[in-house]
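Asker:
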Amino acid sequence: MKRRFLEIDVFGAEPSRGNALGVILDSEELTTDEMQEFAAWTNFSETTFLLPPTEEGADFKVRIFTPTRELPFAGHPTLGSCFAWLQGGNKPRYPDIVVQECAAGLIEIRKDGESLSFKSPELIKYGPIETALISEIAEALNIDQAKFIDSHWLDNGPGWVGVLLSSVDEVLAISPKSNSSLNIGVFGFYEETLGQLMKLEPSFRKMAYSLKTQLLAV
Numbered sequence: 001m002k003r004r005f006l007e008i009d010v011f012g013a014e015p016s017r018g019n020a021l022g023v024i025l026d027s028e029e030l031t032t033d034e035m036q037e038f039a040a041w042t043n044f045s046e047t048t049f050l051l052p053p054t055e056e057g058a059d060f061k062v063r064i065f066t067p068t069r070e071l072p073f074a075g076h077p078t079l080g081s082c083f084a085w086l087q088g089g090n091k092p093r094y095p096d097i098v099v100q101e102c103a104a105g106l107i108e109i110r111k112d113g114e115s116l117s118f119k120s121p122e123l124i125k126y127g128p129i130e131t132a133l134i135s136e137i138a139e140a141l142n143i144d145q146a147k148f149i150d151s152h153w154l155d156n157g158p159g160w161v162g163v164l165l166s167s168v169d170e171v172l173a174i175s176p177k178s179n180s181s182l183n184i185g186v187f188g189f190y191e192e193t194l195g196q197l198m199k200l201e202p203s204f205r206k207m208a209y210s211l212k213t214q215l216l217a218v
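Numbering (the numbering used here), first residue to last: 1 to 218.
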């Protein structure tokens, strides 16, 4: 059986500038093992498989796989899967809202022109990180644990933890020396003198996120 497969640059304004995602549009009759095997073959951080919905109110269902495991939810696969579903000629029940079913529940995705945005599901895990894991994170990031201002679980599916440092400079200076079983996001405070840059994200206006830490995601 032939199945439609798309490779999508999520967040990228130009080819090869975004987060790569593989999407199988016709995933009926594929087993979980076959999905996992294909996701390992693509070797993208995530590959998704689109299916007819099984929950009332959903427009379609998605299953999300890394090369080694299935995830209940993840951000760029949600947007990329919705884009692929729409590109496949499908129509949502409501003109400006697509409802995606995944293991984390129903995810509402809004269409605004050519842009897509989603409402994140509730965190699966939130709160202080265990002492032993903090040591593992410091080791993986190759920084002194004493530089951590705060650390929390921020997990809505992929297993993220967040670490707060005192400045953007400290974030950008990170030179990881080892992989971790965790997905680690590192934040730091901006100086007020950055002016207009501070206004880009009002709810996180003093925070900077280092994409370098995504190298630790497995």
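Beta carbons: idealized from backbone N, C-alpha and C, even for Gly. Predicted model only: the values in this text are computed from it and were never measured.
Just mark Leu172 as buried or exposed, buried being the case when its beta carbon has 16 or more other beta carbons within 10 Å.
Answerer: exposed
Asker: In three-state terms, what does DSSP make of Lys2?
Answerer: Reduced to three states, the DSSP call for Lys2 is coil.
Asker: Is it true that the CB of Ala84 sits closer than 8 Å to the CB of Leu25?
Answerer: Yes, these two residues count as a Cβ contact at 8 Å.
Asker: Please tell me whether, using a cut-off of 7 Å, the distance from the CB of Ala138 to the nearest non-hydrogen atom of the ligand GDP is below it.
Answerer: As for the ligand GDP, it is missing from this structure, which has no ligand bound.
Asker: Is the beta carbon of Leu21 less than 8 Å from the beta carbon of Gly80?
Answerer: Taking the C-beta atoms as reference points, Gly80 is found nearer than 8 Å to Leu21.
Asker: In angstroms with no decimal places, state the Cα-to-Cα distance between Gly105 and Lys61.
Answerer: So the two alpha carbons sit approximately 10 Å from each other.
Asker: Let's test the definition: count the other Cβ atoms within 10 Å of the Cβ of Pro266 and tell me whether it reaches 16, buried, or not, exposed.
Answerer: Outside the displayed span of the chain (1 to 218) sits residue 266, for which this structure offers no information.
Asker: Taking all protein chains shown into account, decide if Ala58 is buried (16 or more other Cβ within 10 angstroms of its Cβ) or exposed.
Answerer: buried
Asker: Which stretch, first to last residue, makes up the alpha helix (DSSP H) that contains Thr131?
Answerer: 131-141
Asker: From which residue to which residue does the beta strand (DSSP E) around Gln100 run?
Answerer: It spans 97-102 - the beta strand (DSSP E) in which Gln100 sits, taken as one unbroken run.
Asker: For Thr47, count neighbouring Cβ atoms within 10 angstroms of its own Cβ and tell me buried if that reaches 16, exposed if not.
Answerer: buried
Asker: Taking all protein chains shown into account, do 16 or more other C-beta atoms lie within 10 angstroms of the C-beta of Ile97, making it buried, or fewer, making it exposed?
Answerer: exposed
Asker: Which class does Thr42 belong to by DSSP, given the choice of helix, strand or coil?
Answerer: helix
Asker: I'd like the span of the beta strand (DSSP E) that includes Ala146, first residue to last.
Answerer: Note, Ala146: premise wrong, no beta strand (DSSP E); not H, not E.
Asker: Grab the span of the alpha helix (DSSP H) containing Phe83 for me, first residue to last.
Answerer: 75-87 is the extent of the alpha helix (DSSP H) around Phe83.
Asker: Cutting at 6 Å between CB atoms, please list the residues of its own chain near Glu276, excluding the five before and the five after it.
Answerer: This structure gives no information on residue 276, because the portion of the chain shown stretches from 1 to 218.
Asker: Who are the Cβ neighbours of Asn19 in its own chain at under 6 Å, not counting the five residues just before and after it?
Answerer: Val10, Phe11, His76
Asker: So what's Leu182 in DSSP terms, helix, strand or just coil?
Answerer: Residue state, collapsed to three classes: coil.
Asker: If you measure between the beta carbons of Gly162 and Ser151, is that distance less than 8 Å?
Answerer: Yes; because the gap between Cβ atoms is below 8 Å, this pair is in contact.
Asker: Quick one, are the C-beta atoms of Leu6 and Val23 less than 8 Å apart?
Answerer: yes
Asker: Who are the Cβ neighbours of Lys111 in its own chain at under 6 Å, not counting the five residues just before and after it?
Answerer: Non-local beta-carbon contacts of Lys111 in its own chain, meaning distances under 6 Å to residues more than five positions away in sequence, involve Asp96 in chain order.
Asker: Would the beta-carbon of Glu37 fall within 8 Å of that of Glu101?
Answerer: no
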